[in-house]
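Worksheet: one structure, shown below.
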């Protein structure tokens, strides 16, 4: 598997507004799933934080930090299908990421 196609710890996720894939933890609302999200600065529609990419003004889907397990960059167009949610242990920090 290409390094760009591996799940990574959320502490290393870009907070520049770029869209990424995230594993949303399982909860009483359902099993773990993969969603496309981005980091948003606070604005008139909501606070700073992770938002689902299909959010729209008045219909913001926000994720609390603990809801997101790990992330990966978007795959290159035409390369395979949507990855499965991460089912293993939490992705560890590598080489001091997040410090």
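Residue numbers (UniProt numbering): 1 to 99.
A virtual CB, placed ideally from N, CA and C, is assigned to each residue, including glycine.
Taking residue 74 as part of the beta strand (DSSP E), name the residues at either end of that continuous run. Element bounds for residue 74: n/a, residue is neither H nor E.
Could you pull out every unbroken beta strand (DSSP E) segment of at least 3 residues lying fully inside the region 4-59, listed in chain order? 20-24, 33-40, 49-52
DSSP beta-bridge partners for residue 62? 51
To the nearest angstrom, how far is the alpha carbon of residue 31 from that of residue 72? 19 Å
Determine the burial state of residue 21: buried for a count of at least 16 other Cβ atoms within 10 Å of its Cβ, exposed for fewer. buried
For residue 37, count neighbouring Cβ atoms within 10 angstroms of its own Cβ and tell me buried if that reaches 16, exposed if not. buried
Relative to the C-alpha of residue 51, which candidate in 77, 29, 24 has its C-alpha closest? 24
On the premise that residue 48 lies in contact with residue 41, defined as a C-beta separation below 8 Å, what is that separation, rounded to the nearest angstrom? 5 Å
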